[in-house]
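Worksheet for the structure shown next.
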């Protein structure tokens, strides 16, 4: 079983920054990628950013240039640095870990950006 624990969410103003972190534990050997999705009220969960164990990164179009995803393979952590935040970034952010073509999820952390 995989456990993912997120931290770092909060309330910020437009233009400010936040750093989200996620620590993975449990049965994670052989995982191929970690990253983040988000879900705003009334919306479906959407991809934000991901990074493979090899370091390849991928971003959603609306966060490119504003967000940076990074990982520490030794500590099994993934971090999302978010800059120039906008009100439309307001959502619950979920960490994911991909292993054997299956995603495990964290409990989510709330990010709220006020205008």
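In this note's numbering, the protein residues as written are 581 to 695.
Glycine included, C-beta positions come from ideal geometry on N, C-alpha and C.
Quick caveat: nothing in here was measured; it's all calculated off a predicted structure.
- Annotated three-state conformation of residue 626 is strand, per DSSP.
- Here the C-alpha atom of residue 657 lies approximately 6 Å from the C-alpha atom of residue 604.
- By the criterion of a C-beta distance shorter than 6 Å, residue 635 is surrounded by no residue of its chain, once the five residues flanking it on both sides are discounted.
- Going by DSSP, residue 684 is part of the beta strand (DSSP E) stretching over 682–685.
- With contact defined as three or more Cβ pairs closer than 8 Å, the region 645–659 and the region 679–695 are not in contact.
- Beta-bridge partners assigned by DSSP to residue 618: 626 and 673.
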